[in-house]
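Undergrad: Okay, handing you the structure first.
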Amino acid sequence: MTAPIPRDIPDLPAISGIPAPVTSVVPATAVVAPTRRAPTAAYRALVALAAAAAVVIEMVLGSPLRAFSHFAVQSTALVALVFATSARGAWLARRPLPSWLTLGTVLYAVITALVHHLILTRDATPFSMTMTSTGAPATPAGWLAWTDVAFHTAIPLAVVVDWLLLTRPAPPRLSHAAAWLLYPLAFLAFTLGRAALVTPDWPAPYLYPFLDVDRHGYKSVLGNALLLGLAFYALALLLTVVDHLRPDPVHPRRGRPDRPDRRPENRISSPANGGLK
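So the sequence shown is numbered by my numbering: it starts at 13 and just counts up by one.
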């Protein structure tokens, strides 16, 4: 009689002097060759060029320091940097930028558009910037009219279009929604600190009416900032949820990158119960 074969065979002891085998990881590029996305690269390069041109024109036609102190100019400069980098990556078939960076850029661009159109240019709101201090209409002219449209309408719309139609969904964690608020919080501290340090003869030390401490006081300004911060946080959560639910516009049949494809390929048997077909 032969001894029964044990169910669990114990691991063999390690041999001294021989290093343990190293687990190797096969990169994705060894299985699926990266593809160059020329139309996407061209679109992002045009958006980056338009954003950079708007920032440069705004700084050349006015005070560079004052112009770059605006949230719209800073967020547009961020769009120019991120889109230039992502355009290069799409052209060279490189790995895409981290989702927390791309979706954060979308968030700041959308904030710029919403604050401008819902608060600053609405005559019914107490924070409207459609009138000057003398009562005359505050309408930009010439190149400043073009940059105004670029900052608050064209560039944010182009960023959202790229996110929905040209970017694969790679949803970040919900904790990133709170981290994205660090930039608006730093901008609030910068704006209030800047206004406190400028001389009394400095024209319009507060860049936005809802942050004007001289008119509303610190209590009202901090209350406005708190309400806006809550709205920005809700918007960040909404964008994250949408990125979890939206389909993949790049490879709609390959499934989402954050979970395995649910459509098996190369099936040798039917999904029905039974033997091989």
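Glycine included, each C-beta is placed from N, C-alpha and C at the ideal position.
Out of G229, L247, L249 and T203, which one is the CA nearest neighbour of F80?
TA: The residue with the shortest Cα to Cα distance from F80 is T203.
Undergrad: Report the three-state DSSP secondary structure of A182 (helix, strand or coil).
TA: It is coil, neither helix nor strand.
Undergrad: What does the alpha-carbon distance come out to for the pair A96 and A121?
TA: Roughly 16 Å separates the two Cα atoms.
Undergrad: Using C-beta distances below 7 Å, list every residue in its chain close to T146, excluding the 5 sequence neighbours before and after it, in chain order.
TA: Only weak support is given to the placement of T146: the predicted model assigns it a pLDDT of 39, under 50, and the value that follows is read from those uncertain coordinates. Answer for T146: no residue qualifies.
Undergrad: Going by DSSP in three states, W112 sits in which element: helix, strand or coil?
TA: If DSSP states are grouped into helix, strand and coil, W112 belongs with the helices.
Undergrad: CB-CB under 6 Å to V233, same chain, minus the five flanking residues each way: which ones, in chain order?
TA: Only L223 and V225 meet the Cβ criterion.
Undergrad: Pick helix, strand or coil for P60, following the three-state DSSP scheme.
TA: Reading off the sequence shown, one finds Ala at residue 60, where the question assumed Pro. Note: A60 maps to helix in three-state DSSP.
Undergrad: Would you list, in sequence order, the uninterrupted alpha helix (DSSP H) runs of no fewer than 4 residues that lie entirely inside the stretch 195–266?
TA: Counting whole runs of 4 or more residues, the stretch 195–266 contains the alpha helix (DSSP H) stretches 225–257.
Undergrad: At a Cβ threshold of 7 Å, is R78 touching chain B?
TA: Given the protein chain composition of this structure (a single chain), no chain B is represented.
Undergrad: Please state if the CB of A53 and the CB of A105 are separated by a distance shorter than 7 Å.
TA: For A105 and A53, no; Cβs fall outside 7 Å.
Undergrad: Taking the straight line between their C-alpha atoms, what separation do you get for L109 and V94?
TA: Approximately 8 Å between the Cα atoms of the pair.
Undergrad: Would you mind sorting T47 into buried or exposed? The rule is 16 or more other CB atoms within 10 Å of its CB.
TA: Exposed, because fewer than 16 other Cβ atoms sit within 10 Å of the Cβ of T47.
Undergrad: Mapping DSSP to helix, strand and coil, what is G101?
TA: If DSSP states are grouped into helix, strand and coil, G101 belongs with the helices.
Undergrad: Does the beta-carbon of V85 have 16 or more other beta-carbons within 10 angstroms, so that it is buried, or is it exposed?
TA: Counting Cβ neighbours within 10 Å, V85 comes out buried, since at least 16 surround it.
Undergrad: Just how far apart, CA to CA, sit Y245 and L200?
TA: Spanning the two alpha carbons is a distance of roughly 15 Å.
Undergrad: Might you give, ordered along the chain, the residues of its own chain that have their beta carbon closer than 8 Å to the beta carbon of V172, omitting 5 neighbours on each side?
TA: These residues qualify, in order along the chain: V118, A121 and V122.
Undergrad: Identify, in the order they occur along the chain, each residue of the same chain with its Cβ nearer than 7 Å to the Cβ of G229, setting aside the five sequence neighbours on each side.
TA: Cβ within range, chain order: n/a, list empty.
Undergrad: In terms of alpha-carbon separation, which member of A189, L240 and L178 lies closest to L251?
TA: When only C-alpha atoms are compared, the closest one is A189.
Undergrad: Per DSSP, what kind of secondary structure is L73 in: helix, strand or coil?
TA: Three-state result, L73: helix.
Undergrad: Does the distance from the CB of W192 to the CB of A248 come in under 7 Å?
TA: In contact: W192 and A248 (Cβ atoms closer than 7 Å).
Undergrad: Tell me whether A148 sits in a helix, a strand or coil according to DSSP, three-state version.
TA: At A148 the pLDDT is 42, less than 50, meaning the model places this residue with poor confidence; the figure from the coordinates comes in the next sentence. Three-state result, A148: coil.
Undergrad: Let me make sure I understand the geometry here. Which of A99, Y220, L178 and G116 has the alpha-carbon closest to that of A299?
TA: Any answer about residue 299 is impossible in this case: the structure gives the chain only from 13 up to 289.
Undergrad: Go through its chain and collect everything with a Cβ distance to L90's Cβ below 7 Å, but skip five positions before and after it.
TA: Cβ neighbours of L90 beyond the five flanking positions: T117 and Y120.
Undergrad: Look at the Cβ atom of A66, then the Cβ atom of T159, and state whether they are nearer than 7 Å.
TA: Closer than 7 Å, so yes.
Undergrad: Indicate whether A125 and H164 have their beta-carbon atoms separated by less than 7 Å.
TA: In contact: A125 and H164 (Cβ atoms closer than 7 Å).
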